[in-house]
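In the working numbering, the protein residues as written are 76 to 360. Quick reminder that beta carbons are idealized off the backbone N, C-alpha and C, glycines included. Single-structure report; data block below.
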Amino acid sequence: MNPRRESVATDRGSGTSAATGEANKQYKQGDSLMQLKDKVIIITGGGQGLGRAMAEYLSCRGAKLALVDLNPEKLDQAVSACQANGVEARAYVCNVADEAQVEGMVQQVAADFGAIHGLINNAGILRDGMLLKVRDGVIEKLPLAQWQAVLDVNLTGPFLCTREVAAKMIELKCAGAIVNISSVSRAGNMGQSNYSAAKAGVASLTVVWAKELARHGIRVGAIAPGFIGTEMVASMKPEALERMTSAIPLRRLGQPEEIAQAAAFIFESDYFTGRVLELDGGIRL
Ligand SMILES: NC(=O)c1ccc[n+]([C@@H]2O[C@H](COP(=O)([O-])OP(=O)(O)OC[C@H]3O[C@@H](n4cnc5c(N)ncnc54)[C@H](O)[C@@H]3O)[C@@H](O)[C@H]2O)c1
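This is the structure we're talking about:
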């Protein structure tokens, strides 16, 4: 039991009003607060970067992990790291943008673990490019394939995974939470038509799904990270990275563990739904 929650319950125990008494009754039902121990959480893009960091963090809190990725070698390494923390963890090679693969993956996770309590829609890609570039009077256009590739993984992926996982949670009578990984870029970042649109879409869907799934005991939250020190950011040009860091009020990249901590907060906070946590060191695009 989270010590902070215990103290909240105790503090409220001294209240005398009807409303406080009602709240107190709920807090005393400690089982209704979502605990991570033994909960089954699916993390897409769990092979590296933020996905792996969240997997390791949640495994330290006793969660059982189903890690999903395209890269089997990285998946195996991430699974071993979670198992080293004493929890059950399994690897699932699956493209989150492929409907049949997502359906199969969710069926398999349910068969392997017997329950699903959570999902982190984390798998994502970058294919940056300006809408138009004019070079020597010649107009270059952002190719449709470059737009579509990012929309497929970063927006259709969360749609398919959430639809299948939520259906399975309802079928198995598992309450829980879904966490979408959006981005500071959802506000509209130059050179990121595809990525900004997908990440804004994911933030919006967080509200839609929170409203629709609340009746089934499923909460939906999102995290909008700023610039976090992972492989994805490391692949940026050094001068762009330097420019970016100097614009962050906290003057540093975020750490993957700081995002993992926010994911744990969403899972554990039973009154949190339909909102986006912004972890960006204060930067505004
Ligand atoms: N790193 C940052 O600064 C940052 C900032 C804001 C948002 N984000 C978001 O956080 C998430 C994770 O970012 P990261 O930096 O860890 O990225 P990353 O590239 O290090 O890891 C992404 C993982 O997703 C997997 N993946 C890619 N396409 C997939 C697909 N179709 N199906 C299944 N798996 C797939 C990759 O194999 C990889 O393991 C992404 O959604 C990203 O947009 C990252």
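Nearest residue (CA-CA) to residue i, options the options
i, options, result
"VAL209", "LEU217, GLN221, ILE256", "LEU217"
"SER191", "ASP144, ASP151, TRP222, GLU246", "It is Ile, not Ser, that sits at residue 191 in the sequence shown. The residue with the shortest Cα to Cα distance from ILE191 is GLU246."
"GLN223", "ARG202, ALA175, GLN330", "ARG202"
"GLU287", "LYS274, ALA242, PRO300, PRO331", "ALA242"
"LEU360", "ALA128, MET109, VAL259, ALA275", "VAL259"
"GLY193", "ALA250, TYR346, VAL283, GLU131", "ALA250"
"GLN110", "ILE118, LEU133, ILE117, GLY126", "LEU133"
"ALA175", "THR231, ALA130, ALA159", "THR231"
"ASN170", "ASN196, ALA185, ILE116", "ASN196"
"ALA130", "ALA164, LEU145, VAL228", "ALA164"
"ASP144", "GLY161, VAL162, GLY126, VAL168", "VAL168"
"GLY276", "ASP187, SER310, VAL228, ILE323", "VAL228"
"GLN267", "LYS114, GLU178, ARG318, LEU207", "LEU207"
"VAL365", "MET180, GLY179, LEU142", "Here the chain has residues from 76 to 360 only, and residue 365 is not among them."
"ALA220", "GLY212, ASP173, GLU178, ASN269", "ASN269"
"ASN146", "ALA159, ALA166, ALA156, CYS135", "ALA166"
"MET265", "PRO331, PRO300, MET319", "MET319"
"GLN152", "PRO331, ALA128, ALA138, GLY137", "ALA128"
"GLY189", "GLU215, VAL177, MET244, ALA159", "MET244"
"GLY329", "ALA309, VAL115, ILE303", "ILE303"
"GLY263", "LEU352, ALA186, GLY301", "GLY301"
"ALA335", "SER321, LEU352, TYR346, ILE323", "LEU352"
"ALA186", "GLY126, VAL115, ILE214, GLY137", "VAL115"
"GLY126", "GLU333, ALA272, VAL181", "GLU333"
Segment limits, beta strand (DSSP E) that includes residue i
i, result
"GLY251", "251–256"
"VAL181", "Counting along the chain, VAL181 falls outside any beta strand (DSSP E), though it belongs to the alpha helix (DSSP H) covering 174–188."
"VAL162", "Premise fails: VAL162 is in no beta strand (DSSP E) and is neither H nor E."
"THR119", "115–119"
Residue-level contact to chain B via CB, residue i, 7 Å cutoff
i, result
"ALA285", "The structure shown has no chain B; it contains just one protein chain."
Terminal residues of the alpha helix (DSSP H) in which residue i lies
i, result
"PRO233", "232–246"
"THR320", "313–321"
"LEU219", "219–226"
"LYS149", "147–158"
"GLY124", "124–135"
Inter-residue Cα distance where the pair is residue i and residue j
i, j, result
"MET205", "ASP355", "24 Å"
"THR348", "ALA337", "13 Å"
"ARG290", "LEU150", "34 Å"
"LEU325", "GLY357", "7 Å"
"GLY199", "VAL225", "8 Å"
"TRP284", "VAL240", "12 Å"
"VAL295", "VAL184", "20 Å"
"ASN77", "LYS112", "The predicted model places ASN77 with a pLDDT of 37, which falls under 50 and marks its position as unreliable; any figure quoted below should be read in that light. Rounded to whole angstroms, ASN77 to LYS112 spans 11 Å at the Cα level."
"VAL282", "ARG350", "7 Å"
"GLY179", "CYS135", "28 Å"
"GLY378", "CYS157", "For residue 378 there is no data in the structure shown, the boundaries of the chain being 76 and 360."
"ALA297", "GLY212", "42 Å"
"ALA172", "LYS139", "24 Å"
"VAL154", "ASN160", "10 Å"
"ILE118", "PRO331", "14 Å"
"SER279", "GLU306", "26 Å"
"GLU317", "ILE323", "10 Å"
"ASP345", "ALA299", "20 Å"
"ALA272", "GLU148", "31 Å"
"LYS248", "ILE214", "55 Å"
"GLY137", "VAL181", "21 Å"
"ALA309", "VAL177", "29 Å"
Backbone secondary structure at residue i - three-state DSSP
i, result
"LYS286", "helix"
"TYR167", "strand"
"ARG261", "helix"
"LEU352", "strand"
"PRO300", "strand"
"GLN336", "helix"
"LEU140", "strand"
"LEU207", "strand"
"LEU325", "coil"
"GLY193", "strand"
"TYR346", "coil"
"LYS216", "strand"
"ILE293", "strand"
Pair every Cβ in the stretch 229–237 with every Cβ in the stretch 122–139, then say whether three or more of these pairs are closer than 8 Å.
-> Under the 8 Å Cβ criterion, the stretch 229–237 does not count as touching the stretch 122–139, having fewer than three qualifying pairs.
Between the stretch 338–355 and the stretch 250–264, do at least 3 Cβ pairs fall closer than 8 Å?
-> Flag = yes, the stretch 338–355 and the stretch 250–264 touch.
Validate contact between the stretch 309–317 and the stretch 258–274 using beta carbons, cut 8 Å, 3 pairs = Contact between the stretch 309–317 and the stretch 258–274 is absent, because fewer than three Cβ pairs lie under 8 Å.
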